[in-house]
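What follows is a short report on a single structure.
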Ligand code: 9D3
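In this note's numbering, the protein residues as written are 596 to 831.
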């Protein structure tokens with residue numbers, strides 16, 4: 596799967612996505628990361644890409660021309676989806692990650708300054724996306740978050756035969772607590788049931804723990820889960 600990122604800070608993307616699991620996936624040819632510097636496409640002789648907003652107001656806007664030309668350079672005449680990273684977008688979710696993982700190629704547009712001239716957004720943007728209701732300094736971190744969430748769904752990037760890749764969040768409960776050696780640490784013992792070898796009881800305990808944890812930490816998810824499952828955890 597190909598990820599193109601249109602940005603004024605391509606090094607940030609390369610640094611953030613070039614290492615660890617996604618770096619290895621790129622080396623294996625399972626994904627590619629193409630960070631494009633919008634400034635390389637300005638026709639302004641001093642490399643300017645921003646200007647004052649008509650009507651006044653704080654700060655500067657990215658101009659239409661370099662954004663459009665950068666997009667055309669990667670898109671050509673393909674109808675690749677263009678995802679605009681904006682606090683005014685729909686909140687990115689696991690369901691959206693799954694939807695986007697079905698595409699061959701995606702273009703992420705990262706704004707800076709106070710935003711981008713509306714006219715170019717009208718022409719190229721297919722999806723307006725946010726990562727949540729808090730204010731960041733630009734769209735680069737949101738693009739990296741979304742690429743990470745999408746790329747791990749590409750077959751082979753993880754051990755994608757494992758259904759846990761797509762499950763857990765999708766099935767609506769938080770995960771149960773986990774323990775490794777030693778059996779006792781700082782005076783805390785591993786729950787005895789996990790050492791019993793009784794797999795049916797262990798599964799029952801894990802479901803109970805997942806339910807308790809969801810009630811305590813994510814009452815919003817708990818409301819939704821209760822409506823779709825009975826007390827044994829079976830789908831209604
Ligand atoms: C002048 C009003 N500001 C909105 C509160 C303008 C503004 C602030 C911050 C415009 C852009 C930004 C930078 N943020 C992003 O580009 C961004 C973002 C975010 O800040 N939070 C969550 N998701 C995203 S996606 C892109």
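From the three backbone atoms N, C-alpha and C, an ideal C-beta is built for every residue, glycine too.
With a threshold of 7 Å (Cβ to nearest heavy atom), would residue 750 be considered close to the ligand 9D3? Along the chain shown, read from residue 1 onward, the residue named residue 750 stands at position 155. No, Cβ of residue 750 sits at least 7 Å from all heavy atoms of the ligand 9D3.
Under 8 Å, with one C-beta from each stretch per pair, do the stretch 709 to 724 and the stretch 657 to 665 reach the 3-pair mark? yes
Using 8 Å as the threshold, is the C-beta distance between residue 696 and residue 612 below it? Here residue 696 refers to the residue found at position 101 when the chain shown is read from its first residue. Here residue 612 refers to the residue found at position 17 when the chain shown is read from its first residue. No, the pair does not count as a contact, with Cβ atoms beyond the cut-off.
What does the Cβ neighbour count give for residue 752, buried or exposed, with the cut at 16 atoms within 10 Å? For the purposes of this step, residue 752 is identified with residue 157 of the chain shown, where counting begins at 1. Under this definition residue 752 is a buried residue.
Residues near residue 740 in its chain [Cβ-Cβ closer than 8 Å; skip 5 each side]: Position 145 of the chain shown holds residue 740. Same-chain partners within the cutoff: 687 and 726.
Taking the straight line between their C-alpha atoms, what separation do you get for residue 615 and residue 799? Here residue 615 corresponds to residue number 20 of the chain shown, with the count starting at 1. Here residue 799 corresponds to residue number 204 of the chain shown, with the count starting at 1. Looking at the two C-alpha atoms, the distance is approximately 35 Å.
Under 8 Å between C-beta atoms of residue 768 and residue 812: Within the chain shown, residue 768 is the residue found at index 173, counting from 1. Within the chain shown, residue 812 is the residue found at index 217, counting from 1. Going by C-beta atoms, residue 768 is not nearer than 8 Å to residue 812.
I believe residue 631 touches residue 669 by the beta-carbon criterion, under 8 Å. Please report the beta-carbon distance rounded to the nearest angstrom. The residue given as residue 631 occupies position 36 in the chain shown. The residue given as residue 669 occupies position 74 in the chain shown. That belief holds up - the Cβ atoms of residue 631 and residue 669 are roughly 6 Å apart, short of 8 Å.
Rounded C-beta distance between residue 626 and residue 598? I'm assuming under 8 Å. Here residue 626 refers to the residue found at position 31 when the chain shown is read from its first residue. Here residue 598 refers to the residue found at position 3 when the chain shown is read from its first residue. Yes, they are in contact, since the Cβ atoms of residue 626 and residue 598 sit about 7 Å apart, within 8 Å.
Exposed or buried, which one is residue 823 when buried takes at least 16 other CB atoms within 10 Å? Sequence index remark: in the chain shown, residue 823 carries index 228 (1-based). Classification of residue 823: exposed, given that the 10 Å Cβ count is below 16.
Which stretch, first to last residue, makes up the beta strand (DSSP E) that contains residue 822? Taking the first residue of the chain shown as 1, we reach residue 822 at position 227. Unbroken run through residue 822 is the alpha helix (DSSP H), 814 to 823; no beta strand (DSSP E).
Assign residue 658 to buried or exposed, taking buried as 16 or more other Cβ atoms, counted over all protein chains shown, within 10 Å of its Cβ. Position 63 of the chain shown, counted from the start, is the residue given in the question as residue 658. Result: buried.
Would you mind working out which of 750, 819, 830 and 827 sits nearest residue 623, comparing C-alpha positions? Taking the chain shown and counting its residues from 1, one reaches residue 623 at position 28. Nearest C-alpha to residue 623: 750.
Under the three-state reduction of DSSP, which class applies to residue 809: helix, strand or coil? Your numbering for residue 809 matches position 214 in the chain shown. DSSP places residue 809 in helix when its eight states are reduced to three.
For residue 794, which three-state DSSP category applies? Against the chain shown, residue 794 aligns to sequence position 199. It is helical.
Using 10 angstroms around the beta-carbon of residue 730, count the other beta-carbons present and answer buried if the total reaches 16, otherwise exposed. Here residue 730 refers to the residue found at position 135 of the chain shown. By the neighbour-count rule (16 or more Cβ atoms within 10 Å), residue 730 is not buried but exposed.
Going straight from the alpha carbon of residue 693 to that of residue 649, what length do you get? Taking the first residue of the chain shown as position 1, residue 693 is located at position 98. Taking the first residue of the chain shown as position 1, residue 649 is located at position 54. Distance between the alpha carbons of residue 693 and residue 649 is about 39 Å.
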